[in-house]
Amino acid sequence: MYASVALAIVMIYQATHHVNFAQGEMATLSTFIALTFIQAGFPYWVAFGATLAVSFVMGALVERLIMRPVQHAPILTHVGVYIGMLLIIGNLTGWVFGYTTKVFPSPFEGGGPMLGGLLSAHQLGSVGVTLAVLVLVYLFFTKTSLGLAMRAAAYNPRSARLVGIRVDVMLALGWGLAAAIGSVAGMMVAPIVFLDPNMMLGILLYAFAGALLGGIDNPPGAVVGGFLVGVLENLAGAYIVGTELKLSVALVIIIGVLVLKPSGLFGRVVFSRV
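Letter by letter, the sequence shown follows residues 269 to 542 in our numbering.
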């Protein structure tokens, strides 16, 4: 779960060099849309694909209508916009779909408990889906001209424009891809924690810790960081702080990474000539 959301956070960061604090709420909204498709009679994987398409369009529209008008504003303006989106999208989801906790189906319900009950079929399937998304993202950014153009637009927009790359289009595509990846995370999370408008609040904090731990500019690192945070959270909850204070583990990881190794385990240290 944390690895999937961390990957979506890194996608936004690579497109804009900002962290989208509303990523969890966007994923939750996408998951409610997926449940609507399923309840309308669509097979799970058809609803899955349709949700990816809707989420991609939603992310591109957010960039076009909300973020582009403030793209040259100070960074604190962007932070305020992200927090506003978090509140608005979260409350809009509750207003439209209700605040009642709902059961979301899993496509991996066929198998029983594995490894003595330590691993379920859904958890194993979620790991497989996350790794598949990671491979696709890696191939997209390293093997396709569109992915390379998106990376160029993120790292050096001025030079990218000089060589004919439409930076605004690349940013919209980046937001769309991040929203689609976030929807995958939401659909994998919902069968475990159940579906409600606040489903992703705690998960987003852990995912942010995972993205920082692995490297905020490194998609594979973010996935590894998400898995590591999940392990550390459960070990600390069982042997150190207890289950009631497990959320503090994410805060400790965030502060520790920012103080000791801001680039993360697999991130790049960037030097700027001034």
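Ideal Cβ positions, reconstructed from N, Cα and C, are used throughout, including at glycine.
{"Query": "Alpha carbon of residue 282 to alpha carbon of residue 445, nearest angstrom", "Result": "11 Å"}
{"Query": "Close Cβ partners of residue 285 (< 8 Å) along its chain, the five nearest in sequence each way excluded", "Result": "422"}
{"Query": "Inter-stretch contact (C-beta, 8 Å, three-pair minimum) for the stretch 453-462 and the stretch 504-524", "Result": "no"}
{"Query": "Cβ distance (whole Å) where residue 273 is taken to contact residue 292 below 8 Å", "Result": "7 Å"}
{"Query": "Three-pair Cβ contact test at 8 Å for the stretch 296-310 versus the stretch 470-484", "Result": "no"}
{"Query": "8 Å contact criterion, which residue 559 and residue 271 should meet: CB distance rounded", "Result": "Nothing about residue 559 can be read from this structure; the chain reaches only from 269 to 542."}
{"Query": "7 Å Cβ shell around residue 415 - same chain, five flanking residues per side excluded", "Result": "408, 409"}
{"Query": "Spatial distance of residue 501 from residue 477 (CA atoms)", "Result": "11 Å"}
{"Query": "Candidates 505, 310, 467, 452, of which the one nearest residue 276 by Cα", "Result": "452"}
{"Query": "Stretch pair the stretch 390-405 + the stretch 326-345: three plus CB contacts closer than 8 Å", "Result": "no"}
{"Query": "C-alpha distance - residue 518 paired with residue 533, whole-angstrom precision", "Result": "16 Å"}
{"Query": "Euclidean distance between Cα positions of residue 515 and residue 312", "Result": "32 Å"}
{"Query": "Per-residue burial, residue 349 [other beta carbons within 10 Å of its own, 16 or more giving buried]", "Result": "buried"}
{"Query": "Coarse secondary structure for residue 387, derived from DSSP in three states", "Result": "strand"}
{"Query": "Exposure label - residue 487; buried when at least 16 CB within 10 Å", "Result": "buried"}
{"Query": "Beta-bridge partners of residue 370, as assigned by DSSP", "Result": "463"}
{"Query": "Cα-Cα separation between residue 580 and residue 528, rounded to whole angstroms", "Result": "With the chain covering 269 to 542 only, the question about residue 580 has no answer from this structure."}
{"Query": "Continuous alpha helix (DSSP H) stretch holding residue 494: start and end", "Result": "487-507"}
{"Query": "Beta-carbon spacing of residue 494, residue 323 below 8 Å", "Result": "no"}
{"Query": "When 471, 467, 472 are compared against residue 361, the one with the closest alpha-carbon", "Result": "467"}
{"Query": "Proximal residues to residue 326 (C-beta, below 6 Å), its chain only, five neighbours per side dropped", "Result": "447"}
{"Query": "Assigned secondary structure, residue 471 (DSSP; H/G/I helix, E/B strand, else coil)", "Result": "helix"}
{"Query": "Within 8 Å, strictly: CB atoms of residue 398 and residue 464", "Result": "no"}
{"Query": "Candidates 396, 443, 395, 394: closest to residue 418 by CA position", "Result": "443"}
{"Query": "Three-state class that DSSP yields for residue 398 in the structure shown", "Result": "helix"}
{"Query": "Whether residue 474 touches residue 497 by CB criterion (8 Å)", "Result": "yes"}
{"Query": "Distance between residue 411 and residue 355 (C-alpha atoms, nearest Å)", "Result": "37 Å"}
{"Query": "First through last residue of the alpha helix (DSSP H) which encompasses residue 361", "Result": "343-365"}
{"Query": "Residue 375 and residue 393 closer than 8 Å at C-beta", "Result": "yes"}
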